[in-house]
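*Asks:*
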Amino acid sequence: MNLSFLNTPREEKDAPSSSGNGMKLILPPPPKGGGGDSVTKSSGDDDSTLGTPRSIKTKDEFDDPDLDDVLDPDGKQKTHLFGAFGKFMNKQAKAFVKNFVDYGPPYTKKPFDASLVTECSRPVMNHLELHRLLNNRLDPNIPDPDDLYYFPIHWAARNIHFTAMKMLRRAGAKVNVTNELGCSPLDMCVMMKLPPDKRKDQLKMVRYLLENGADPNNRDKGGYSAIDQAAVNQDLEIIQMLLEFGANVLRENHTLVAKRHHILRNVYEPEVYKVLYEQLLLEQGEYEQRQLIREKLLSEVAAERHHVKLFQALDKRKQKRLDREKSRDQTAKLTVIMEQRHKHLQEEMEANLKNKEKAVQFQGTWTKDDVDHWTFKVKDTPDRVNSDVLYRETYRTMNSLAE
Numbered sequence: 001m002n003l004s005f006l007n008t009p010r011e012e013k014d015a016p017s018s019s020g021n022g023m024k025l026i027l028p029p030p031p032k033g034g035g036g037d038s039v040t041k042s043s044g045d046d047d048s049t050l051g052t053p054r055s056i057k058t059k060d061e062f063d064d065p066d067l068d069d070v071l072d073p074d075g076k077q078k079t080h081l082f083g084a085f086g087k088f089m090n091k092q093a094k095a096f097v098k099n100f101v102d103y104g105p106p107y108t109k110k111p112f113d114a115s116l117v118t119e120c121s122r123p124v125m126n127h128l129e130l131h132r133l134l135n136n137r138l139d140p141n142i143p144d145p146d147d148l149y150y151f152p153i154h155w156a157a158r159n160i161h162f163t164a165m166k167m168l169r170r171a172g173a174k175v176n177v178t179n180e181l182g183c184s185p186l187d188m189c190v191m192m193k194l195p196p197d198k199r200k201d202q203l204k205m206v207r208y209l210l211e212n213g214a215d216p217n218n219r220d221k222g223g224y225s226a227i228d229q230a231a232v233n234q235d236l237e238i239i240q241m242l243l244e245f246g247a248n249v250l251r252e253n254h255t256l257v258a259k260r261h262h263i264l265r266n267v268y269e270p271e272v273y274k275v276l277y278e279q280l281l282l283e284q285g286e287y288e289q290r291q292l293i294r295e296k297l298l299s300e301v302a303a304e305r306h307h308v309k310l311f312q313a314l315d316k317r318k319q320k321r322l323d324r325e326k327s328r329d330q331t332a333k334l335t336v337i338m339e340q341r342h343k344h345l346q347e348e349m350e351a352n353l354k355n356k357e358k359a360v361q362f363q364g365t366w367t368k369d370d371v372d373h374w375t376f377k378v379k380d381t382p383d384r385v386n387s388d389v390l391y392r393e394t395y396r397t398m399n400s401l402a403e
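The sequence shown begins at 1 in UniProt numbering and counts up one residue at a time.
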């Protein structure tokens with residue numbers, strides 16, 4: 001239905017308008033006492049007043065602060081009522097989100113449910129169904145094991161479901177997850193070559209992902225990043241957007257993957273080639289500067305390690321010398337100690353010998369006969385009891401007991 005006549009100035013209300021079947025549409029004149037540009041609303045079954053102007057409600061009748069910029073102080077309409085209706089619906093949508101949206105952790109502890117991935121992979125998105133699934137606390141960070149471990153956010157980025165992307169992010173979906181091929185949601189969004197009617201949404205999606213922390217330098221298992229995919233598609237706008245968020249053109253491949261072609265070999269558009277070539281020269285200069293700094297740091301580290309090893313060798317030599325001196329000191333001390341012990345033992349032996357001589361002299365004396373034969377004559381003292389005397393006494397005692 002063509003509603004353009006609602007915005008037509010009052011002076012042109014009687015201008016003829018041609019319809020699809022060639023008939024001319026003439027607007028009815030406003031009734032006397034009419035006060036606005038709006039259209040009357042039919043009451044009951046009477047359709048005679050449909051499409052005729054009527055007076056606008058005053059500001060007090062609406063009782064809505066959002067209509068401050070719709071009605072002037074006199075109650076006249078300043079903008080179209082569709083603007084007020086849009087603001088009203090936006091306000092109601094925010095209230096709905098605040099009261100009825102309950103996404104995010106804690107998630108439901110259940111096995112993998114493919115319904116969330118399936119819903120996000122549809123070309124035409126059913127946002128009410130996605131809202132129901134997320135409101136049931138399904139975890140958006142669980143991949144599909146039957147489809148290269150795609151996450152729901154991969155499909156939302158690939159199909160340019162911007163509202164679904166925001167819903168998944170609200171539920172806690174991570175933007176840097178990768179599937180089995182190593183592709184992130186940003187890679188999936190950039191590699192798609194979409195028709196012109198979705199071009200604006202694709203750029204909006206790429207910027208949204210980058211602003212929410214997506215890594216522009218993520219490389220898949222083939223070693224390609226998002227800017228490589230954009231170069232293949234000759235997409236200058238996405239290339240400039242990726243460079244704005246820190247994407248690298250220079251390929252520093254530190255992983256053992258298939259050897260890739262130079263990024264400029266995939267470009268045939270002059271503007272794209274110019275931007276990438278200038279960025280490549282800039283990064284090449286920065287890379288060479290980093291290499292010089294790195295080599296300098298490595299040489300300094302090597303020199304420091306050499307000095308450390310030298311000092312360690314000198315410390316070992318010093319320690320060995322100290323150990324030898326200590327060993328010599330200990331040997332000298334041990335020699336003195338052994339001499340002292342030997343002297344002490346000799347003194348003890350001499351003392352024992354003297355004691356034995358005294359004991360012998362106390363027991364008896366040595367006498368020499370005429371043929372120079374020495375014999376030991378035991379002294380007969382009352383304090384000494386020899387074995388013979390003890391035997392005789394014991395024998396007499398036993399005999400007396402036997403009688």
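Glycine included, C-beta positions come from ideal geometry on N, C-alpha and C. Everything numeric in this text was worked out from a predicted model, so none of it was measured.
1. For the 8 Å Cβ check, are there 3 or more pairs between the segment 127-146 and the segment 167-187?
2. When you compare only the Cα positions, how much space is there between Leu242 and Ala226?
3. Whole-angstrom Cβ separation of Ser119 and Leu128, contact assumed at under 8 Å?
4. If we call anything under 8 Å between Cβ atoms a contact, is Ala164 one with Met125?
5. Which same chain residues end up closer than 6 Å to Phe311 when comparing Cβ atoms and leaving out the 5 residues on each side of it in sequence?
6. Counting Cβ pairs closer than 8 Å, one from the segment 297-316 and one from the segment 263-275, do we hit at least three?
7. What would DSSP say about Asp197, mapped onto helix, strand or coil?
8. So who's on the other strand from Trp374, going by DSSP bridges?
9. Use the C-beta contact count for Asn159: other C-beta atoms within 10 angstroms, 16 or more gives buried, fewer gives exposed.
10. Give me the Cα-Cα distance between Lys166 and Gly86, rounded to the nearest whole angstrom.
11. For Ala231, collect the residues of the same chain with a Cβ closer than 6 Å to its Cβ; drop the 5 residues on either side in sequence, then sort them by chain order.
12. Could you tell me whether the Cβ atoms of Leu314 and Leu280 are closer together than 8 Å?
13. Taking the straight line between their C-alpha atoms, what separation do you get for Leu322 and His344?
14. Which word fits Tyr395, buried or exposed, when buried means at least 16 other C-beta atoms lie within 10 angstroms of its C-beta?
15. Between the alpha carbons of Arg219 and Ile293, how many angstroms are there, rounded?
16. Distance, Cα to Cα, His161 vs Gln229?
17. Ordered along the chain, which non-local residues of its own chain (more than five positions away) have a Cβ less than 6 Å from that of Tyr103?
18. Sort out for me which residues DSSP pairs Tyr150 with in a bridge.
19. What is the C-beta distance between Ala247 and Met205, in whole angstroms, given that I count them as a contact (C-beta under 8 Å)?
20. Is it true that the CB of Val275 sits closer than 8 Å to the CB of Ala214?
21. In the DSSP assignment, find the unbroken alpha helix (DSSP H) run with residue 405 in it and report its ends.
22. Using only CA atoms, which one of Ala84, Leu130, Ile142 lies nearest to Lys110?
23. Which of helix, strand or coil does DSSP assign to Arg137?
24. Say the cut is 7 Å; is the CB of Arg158 nearer than that to a heavy atom of the ligand MG?
25. Quick check on Ser400: does DSSP put it in helix, strand or coil?
26. Could you check the C-alpha separation between Tyr224 and Gln240 for me, to the nearest Å?
27. Just confirm the distance between the C-beta atoms of Val190 and Pro152, as a whole number of angstroms; I'd bet it's less than 8 Å.
28. At 4 residues or longer, and completely inside the segment 282-360: list those alpha helix (DSSP H) runs for me, N to C.
29. Among Leu148, Arg199, Gly285, Gln346, which has the Cα closest to the Cα of Thr178?
*Replies:* Taking the structure as given:
1. yes
2. 8 Å
3. Reading the sequence as shown, one finds Glu at residue 119 and not Ser. Glu119 to Leu128, Cβ: 10 Å. No contact.
4. yes
5. none
6. no
7. helix
8. Lys368
9. buried
10. 21 Å
11. Closer than 6 Å at the Cβ level, and outside the excluded window around Ala231, lie Ile263, Asn266, Val267.
12. No, they are not a contact pair.
13. 33 Å
14. exposed
15. In this model, Arg219 and Ile293 are separated by some 26 Å (Cα to Cα).
16. 20 Å
17. Leu134, Arg170, Ala171
18. Asp144
19. That pair is no contact at about 16 Å.
20. no
21. With the chain covering only 1 through 403, there is no way to say anything about residue 405.
22. Ile142
23. Note: Arg137 maps to coil in three-state DSSP.
24. Annotation note on the ligand MG: not contained in the displayed structure, which lists no ligands.
25. helix
26. 17 Å
27. Going by Cβ atoms, the distance from Val190 to Pro152 rounds to 18 Å, so no, they are not a contact pair.
28. Runs of the alpha helix (DSSP H) inside the segment 282-360: none found.
29. Cα-wise, what sits closest to Thr178 is Leu148.
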